[in-house]
Amino acid sequence: MLAALAAGFAPALAGWRADAATAVDAAGPLDLALTGELTQGGWARGTAPRGVAALSLDGRPVAIAPDGQFLLAFDRDAAGRAELAVRFADGRTMAQPLTIAPRAWQIERVGVGLRPGTAPSAEWAARRAGELAQIKAARSVDNPAQGWRQRFIWPVQGRLSGRFGSQRIYNGTPGSYHSGLDIATGTSGTPFVAPADGVVILAAQSPFSLEGRLLMIDHGMGLNSAFLHCSELAVKVGDTVRQGQTIGRIGATGRVTGPHLHWSIKWRDSRLDPLLFTGPMPSR
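Plus 2 on top of the position in the sequence shown (first one is 1) and you've got my numbering.
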């Protein structure tokens, strides 16, 4: 699947470079050298040449590293087009539309309506609000981590029991889509590792109501990973972790029907597909 996606995106990326080159003046051609997966739930990295002072994606600033590299990403429900704007140090600006390829999500249509749930108690609602506040605060932290530059590895090998973006539609009413990948090894206690370098920004030793023991890692440039339902955490907030380092063990804490690792990735507010960072699960 990824090979086909890459083949499909190559002309679009090449087209971006060609189009950008036509928008230059005597300063010479502009080439942001975009590579990646320009699709819903995907990402792209690029390099801003000298003279570029600022970038923005659909009006929101995009950070540029000291060496000129930057990261973009596209939500699961991203529209088919985005605009990458460039501002030069001399005040010139240009904007380039990007085509974001749609995905064929795993959709299950159920011929019954959503069952009404029991209204949460005031105690539960207060607890949940506190948990969500912790998650939001963690994601607001900006560390100079460099994992965003790496090709990610799988945190653990196992059966994919839940895919990113999958969704049920109940008698015409869409339910929430699955925001990450579920990896099942058949038992609790299996260790998992950091998929890329980063800094621990949340380590919930006391299980959250839905996520259970939750671990979050900032990979830098607004990119972060979350690991849910852990039985044990091997790191604490503020720890620097390296790709391949053991950071926890799979469990069944929180709202879950069996032991597995839920791994999700976000860039800012955009939910991304971990499979587009790693490639296919290796055969064991």
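Where a beta carbon is used, it is the ideal one built from N, C-alpha and C, also for glycine. Just so it is clear, the structure is predicted and the values come from calculations on it, not from any experiment.
- Non-local beta-carbon contacts of F90 in its own chain, meaning distances under 7 Å to residues more than five positions away in sequence, involve G53, V54 and A55 in chain order.
- At a Cβ-Cβ threshold of 7 Å, S233 and G253 count as neighbours.
- The criterion of a C-beta distance shorter than 7 Å is satisfied by V195 and T248.
- In the three-state reduction of the DSSP assignment, Q136 falls in the helix class, which pools H, G and I.
- Pairing A228 with R94, the inter-Cα distance amounts to about 39 Å.
- DSSP, read as helix, strand or coil, puts L40 in coil.
- Secondary structure at L34: coil, using DSSP grouped into helix, strand and coil.
- Between the segment 212–231 and the segment 145–165 there are three or more inter-stretch CB-CB distances shorter than 8 Å, so the stretches are counted as touching.
- Between the alpha carbons of S168 and V237 lies a gap of roughly 31 Å.
- Counted as a single uninterrupted DSSP element, the beta strand (DSSP E) harbouring T49 occupies residues W45 to T49.
- The shortest CA-to-CA distance from G281 to any of W107, D79 and P157 is the one to P157.
- Contiguous alpha helix (DSSP H) elements confined to the segment 63–149 occur at 124–141, taking only those with 4 or more residues.
- Non-local beta-carbon contacts of V112 in its own chain, meaning distances under 8 Å to residues more than five positions away in sequence, involve R170, I171, Y172 and N173 in chain order.
- Taking a 10 Å sphere around the C-beta of S123, we find fewer than 16 other C-beta atoms and assign the residue as exposed.
- If you check the CB distance, T49 and G70 come in under 7 Å.
- Annotation note: the segment 181–222 contains the following uninterrupted beta strand (DSSP E) runs of length 3 or greater, listed N- to C-terminal: 183–186, 193–195, 200–205 and 215–222.
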